[in-house]
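Numbering (the working numbering), first residue to last: 13 to 156.
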């Protein structure tokens, strides 16, 4: 069961090092964030098609790598946008600087495209900043 103030993050990423850095960023968040990681594009599309989300897993944000094994991140994005949760913000988190990849991601319905930093600390800070921007529960309250 998720805490009342918790958020849910779905991560499509195959690189264990990047997953670790994403989890470090999540751990730095000022609220509880439940993370679901799917490391293969084919598994991701099957997971979405079967609607394998736990009942209490209402998505707040998706982080999506374009270069997944099996099916591409763009195919996963298409499948995600066909689902009932198509309103969920999707941030492509990719190492690709190719303008065609960036344009294709936006055309497929990505809300943002963020380059993966090569420095681990900057990567973690990028994850935290991305969550703060897209998930209201992650933004620290300025009201007491």
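Quick reminder that beta carbons are idealized off the backbone N, C-alpha and C, glycines included.
When burial is assigned at 16 or more other CB atoms within 10 Å of the CB, is residue 67 buried or exposed?
Low local confidence applies: a pLDDT of 44 at residue 67 is under 50, so the model's placement there is unreliable, with the coordinate-based value given in what follows. Burial call: exposed.
Going by beta carbon distance, what residues of the same chain come within less than 6 Å of residue 45, once the five residues before and after it are set aside?
Excluding sequence neighbours, residue 45 sits near 19, 21, 38.
Does the distance from the C-beta atom of residue 139 to that of residue 100 stay below 9 Å?
If you check the CB distance, residue 139 and residue 100 do not come in under 9 Å.
Does the Cβ-Cβ distance between residue 79 and residue 102 come in under 9 Å?
The Cβ atoms of residue 79 and residue 102 do not sit closer than 9 Å to each other.
Buried or exposed (CB count within 10 angstroms, at least 16 for buried), residue 41:
By the neighbour-count rule (16 or more Cβ atoms within 10 Å), residue 41 is buried.
Bridge partners of residue 127, per DSSP?
In the DSSP output, where bridge partners are listed per residue, residue 127 has 106.
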